[in-house]
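Taking it in order: structure first as structure tokens, then the write-up.
In the UniProt record's numbering, the protein residues as written are 1 to 266.
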């Protein structure tokens with residue numbers, strides 16, 4: 001009998017950054033990558049409507065794919081709906097993504113940390129609670145980017161991006177205060193690591209760009225059953241799938257998915 005897959009969910013292609021790390025750590029498992037492109041971008045939604053939308057989606061996804069665990073590879077969705085998902089589907093393990101504020105606070109030398117996120121993640125009380133819990137000794141600037149996720153999607157589709165647009169989006173992250181400078185920027189959206197090279201190029205000074213993808217992959221690994229061990233072939237030859245909620249991914253997205261070794265399912 002085929003082993004249950006790992007379901008990885010995002011609003012678009014950003015969760016591929018987490019999938020990339022998860023495959024390194026969990027090479028023996030099959031993945032189903034779900035992109036809610038019908039709902040993208042999540043920043044355009046009112047919170048109650050988005051919460052209901054994601055809960056309804058998961059009712060169908062869990063029934064259809066019967067995954068062993070589900071990874072919500074999206075900070076906006078995780079901070080909004082992870083508790084509701086666990087309550088609605090008790091017994092099914094969910095791995096969420098939250099801004100990496102704790103490790104940033106532990107690593108910073110200047111005490112100046114910025115959290116680069118979507119406007120929804122920035123305004124959510126969940127994020128502010130993380131700062132209160134872990135980073136009270138730091139100056140944490142929350143930067144809500146309206147356009148960076150869209151720029152990342154464009155870059156992944158087309159292979160190029162307007163560097164000046166990237167520069168404008170990240171500029172508020174860089175703070176100079178009392179002779180100190182921001183030294184860590186938390187990438188609190190899974191789309192953003194795809195633009196890391198452009199961010200480094202357009203940044204006014206070097207910083208540590210903190211990408212939580214590997215930590216999320218390790219958390220997923222810790223929740224899996226391991227009766228079969230890593231010597232098992234990749235899920236008996238079954239292919240990793242990409243599922244788009246619109247049902248109509250364009251040709252550039254299909255090529256991108258194929259480049260990640262995913263078969264787009266109709």
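Even glycine gets a Cβ: it sits at the ideal position worked out from N, Cα and C.
Report the residue from the options whose alpha carbon sits nearest the alpha carbon of residue i.
i	options	result
residue 175	206, 160 and 262	206
residue 44	56, 103, 220 and 121	121
residue 172	30, 246 and 203	203
residue 270	238, 252 and 201	Nothing about residue 270 can be read from this structure; the chain reaches only from 1 to 266.
residue 158	24, 41, 25 and 251	251
residue 221	191, 132, 7 and 25	25
residue 218	127, 23 and 40	23
residue 199	215, 216 and 161	161
residue 32	56, 49, 68 and 154	68
Give a yes or no on whether the C-beta atoms belonging to residue i and residue j are separated by under 7 Å.
i	j	result
residue 4	residue 66	yes
residue 116	residue 166	no
residue 163	residue 148	no
residue 136	residue 76	no
residue 34	residue 58	no
residue 101	residue 130	yes
residue 36	residue 245	yes
residue 183	residue 124	no
residue 145	residue 74	no
residue 296	residue 152	Here the chain covers residues 1 to 266 and nothing more, so residue 296 does not appear.
Buried or exposed for residue i, please, with buried defined as at least 16 other CB atoms from any protein chain shown within 10 angstroms of its CB.
i	result
residue 223	exposed
residue 106	exposed
residue 179	exposed
residue 259	exposed
residue 90	exposed
residue 242	buried
residue 46	exposed
residue 225	exposed
residue 249	buried
residue 40	buried
residue 104	buried
residue 261	exposed
Which residues in the same chain as residue i place their Cβ atom closer than 7 Å to its Cβ, once the five residues preceding and following it in sequence are excluded?
i	result
residue 156	13, 194 and 256
residue 187	116, 193, 209, 210 and 211
residue 94	70, 72, 82, 85 and 86
residue 254	264
residue 38	245 and 246
residue 62	89 and 92
Spatial neighbours of residue i within its chain, please: C-beta separation below 6 Å, excluding the five flanking residues on both sides.
i	result
residue 196	209
residue 81	51 and 54
residue 213	17, 18 and 21
residue 29	6
residue 88	55
residue 126	79
residue 133	none
Residue i lies in the alpha helix (DSSP H); which residues open and close that run?
i	result
residue 192	From DSSP, residue 192 is part of no alpha helix (DSSP H); its letter is neither H nor E.
residue 83	75–88
residue 203	That residue, residue 203, is in no alpha helix (DSSP H); it is neither H nor E in DSSP.
residue 185	Per DSSP, residue 185 belongs to no alpha helix (DSSP H); it is in the beta strand (DSSP E), 184–187.
residue 208	No alpha helix (DSSP H) holds residue 208; the beta strand (DSSP E) holding it covers 208–210.
Go through its chain and collect everything with a Cβ distance to residue i's Cβ below 8 Å, but skip five positions before and after it.
i	result
residue 78	72, 96, 97 and 98
residue 139	111, 112, 113, 175 and 177
Following the continuous beta strand (DSSP E) through residue i, name the residue where it begins and the one where it ends.
i	result
residue 132	First-last for residue 132: 125–134, but that is the alpha helix (DSSP H), not the beta strand (DSSP E).
residue 33	31–35
residue 40	Taken as a continuous stretch (DSSP letters only), residue 40 belongs to no beta strand (DSSP E), as it is neither H nor E.
residue 258	That residue, residue 258, is in no beta strand (DSSP E); its alpha helix (DSSP H) goes 251–259.
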